[in-house]
DNA sequence: ACACGACCCTGTTCGC
DNA sequence: TGCGAACAGGGTCGTG
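Residue numbers (this note's numbering): 2 to 284.
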């Protein structure tokens with residue numbers, strides 16, 4: 002699931018279950034995710050208090066009172082479930098291990114956190130909290146699209162001279178962090194820009210429309226609790242609502258939702274991945 | 001330096 | 001109904 006809004010939704014779900022609590026038990030049920038889990042991960046987590054939960058791009062950062070930060074990436078199919086007690090309320094994630102439950106954490110507040118990832122494209126690592134921004138997963142990332150460093154002026158600079166389709170440029174995490182296949186299609190539709198257009202050939206005026214379109218679609222998706230396609234769930238186990246707000250993603254053959262546009266949504270393949278757009282109002 | 005394709009792994013959906 | 005092919009939110013690596 003996990004593009005920026007989904008990871009942020011997970012972060013917000015985990016915060017009350019983890020922040021301020023001690024990890025009383027850590028179980029690694031399968032040590033080989035995308036890469037091997039860090040050495041002695043269970044011991045390095047057990048007995049440590051969680052100070053805070055942060056997000057950078059599509060990565061979750063869990064700061065511990067041991068001076069280490071647990072970095073998580075959900076890959077394509079990763080999900081995080083909460084079961085047990087959180088602030089007096091009972092959560093039904095799935096309390097007993099199920100297939101593809103790879104890591105289970107029990108918290109002193111009574112919550113159980115389960116990381117489940119069928120495709121095992123997800124990953125975890127432990128690194129010193131001081132300087133975690135220099136971790137190899139984070140060091141090359143572009144600015145957060147919802148942060149102050151992102152603007153239409155920044156985007157214009159990032160696109161300048163790029164001889165690659167804007168679809169690929171927006172997926173490039175070095176240029177802008179956190180966008181994935183769904184929200185790139187959605188943002189380009191809102192800005193009426195074709196995913197096939199060369200990034201370096203988009204005028205400043207249109208970039209000034211695209212930058213806020215990116216921010217808006219992410220903000221709205223976070224407010225809706227993410228999209229959570231197919232079997233993906235929020236930590237509460239509920240489906241995200243934003244999938245119902247998709248204007249083009251996975252809507253091939255549907256009428257274009259742009260006011261006054263009579264186009265039909267098309268699916269094309271760019272660098273091996275689907276793009277959805279309206280050939281009539283996206284140029 | 002940059003851009004593109006192949007690849008990692010498993011599950012689900014689609015077409016014949 | 002059965003079976004193989006295509007496809008799925010991600011990132012990395014090698015090649016030209």
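Cβ coordinates follow ideal geometry from the N, Cα and C atoms, glycine included.
With a threshold of 16 other CB atoms inside 10 Å of the CB of residue 113, please say whether the residue is buried or exposed. buried
Evaluate residue 128 with the Cβ neighbour count: other Cβ atoms within 10 Å of its Cβ, from every protein chain shown; 16 or more gives buried, anything less gives exposed. buried
Does DSSP put residue 149 in a helix, in a strand, or in coil? coil
With DSSP run on the structure shown, which of helix, strand or coil describes residue 279? coil
Which class does residue 99 belong to by DSSP, given the choice of helix, strand or coil? coil
Measure the Cβ-Cβ separation of residue 178 and residue 35 and say whether it is below 7 Å. no
Sequence-distant residues of the same chain with beta carbon closer than 6 Å to residue 269, five excluded per side: 276
In chain order, what residues of the same chain have a beta carbon less than 7 Å from the beta carbon of residue 231, not counting five sequence neighbours either side? Any answer about residue 231 is weak, because its pLDDT of 44 lies below 50 and its placement is not dependable; what the coordinates show is given next. If we look at residue 231 and ignore the five residues flanking it on each side, it has no Cβ neighbours.
Between 190, 32 and 74, which has its C-alpha nearest residue 265's C-alpha? 190
Could you tell me the alpha carbon to alpha carbon distance between residue 278 and residue 18, rounded to whole angstroms? 39 Å
Assigned exposure category for residue 140 - 16 Cβ within 10 Å defines buried: exposed
If we require 4 or more residues per run, which alpha helix (DSSP H) segments fall completely within the segment 91–136? none
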